[in-house]
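Encoded as structure tokens, the structure appears first; notes follow it.
Residue numbers (the UniProt record's numbering): 1 to 170.
Here it is, written out as structure tokens:
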């Protein structure tokens, strides 16, 4: 009678233990991965993450990540660089983000570089705004003008000067 129960118990014990979940494949599969810095955490130093990052605590250092979500009570004292960000807390430093949303509770003290920006009513930015593509487009155009005339630069300027001098003299 007891032997029968023991046999049944051991048979039932194996199926009740679930198998371990499969390990995620190695590599740079970032989809669905994120790291959280909780409200009671203070990080002193730079943060670099390939995954998405959610900050509710305090960071004394630079933050570099794919996508950033910043909680309303969080603080970042350093530069922020990300592909996309939704900022709701305070930042003291330069912000460089392609897709940026500044929520109504956000306070940014520093320059902001963006490609697309949304600032909710009440969002505060104390610094300069720079559109990324405008900066990228303007920089190559100036050297192109100099490069085109760089071979003839002395002769172009001397010709222009001589032409001006000649017309002033005449």
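Ideal placement from N, C-alpha and C gives every residue a C-beta, glycine not left out. This one's a predicted model, so the numbers in the text were calculated from it and none came from an experiment.
Quick check: what's the CA-CA separation for residue i versus residue j?
i, j, result
"residue 89", "residue 77", "11 Å"
"residue 98", "residue 133", "10 Å"
"residue 60", "residue 47", "10 Å"
"residue 33", "residue 74", "21 Å"
"residue 118", "residue 65", "19 Å"
"residue 82", "residue 49", "10 Å"
"residue 104", "residue 126", "14 Å"
"residue 115", "residue 68", "16 Å"
"residue 45", "residue 80", "13 Å"
"residue 42", "residue 84", "23 Å"
"residue 100", "residue 130", "12 Å"
"residue 51", "residue 112", "22 Å"
"residue 124", "residue 39", "22 Å"
"residue 24", "residue 93", "Interpretation of residue 24 is limited by its pLDDT of 45, a score under 50 that renders its predicted location unreliable; the figure taken from the coordinates is listed afterwards. In a straight line, the C-alpha of residue 24 is about 36 Å away from that of residue 93."
"residue 91", "residue 108", "5 Å"
"residue 53", "residue 110", "21 Å"
"residue 71", "residue 121", "17 Å"
Could you give the DSSP three-state label for residue i: helix, strand or coil?
i, result
"residue 90", "strand"
"residue 133", "helix"
"residue 80", "strand"
"residue 67", "strand"
"residue 105", "coil"
"residue 36", "strand"
"residue 60", "strand"
"residue 52", "strand"
"residue 22", "Unreliable placement is indicated for residue 22, whose pLDDT of 48 sits below 50; the coordinate value is still reported in the next sentence. Residue state, collapsed to three classes: coil."
"residue 85", "strand"
"residue 41", "coil"
"residue 113", "strand"
"residue 126", "strand"
"residue 98", "strand"
What distance in whole Å lies between the Cβ atoms of residue j and residue i, which are believed to be in contact at a cut-off of 8 Å?
i, j, result
"residue 37", "residue 56", "6 Å"
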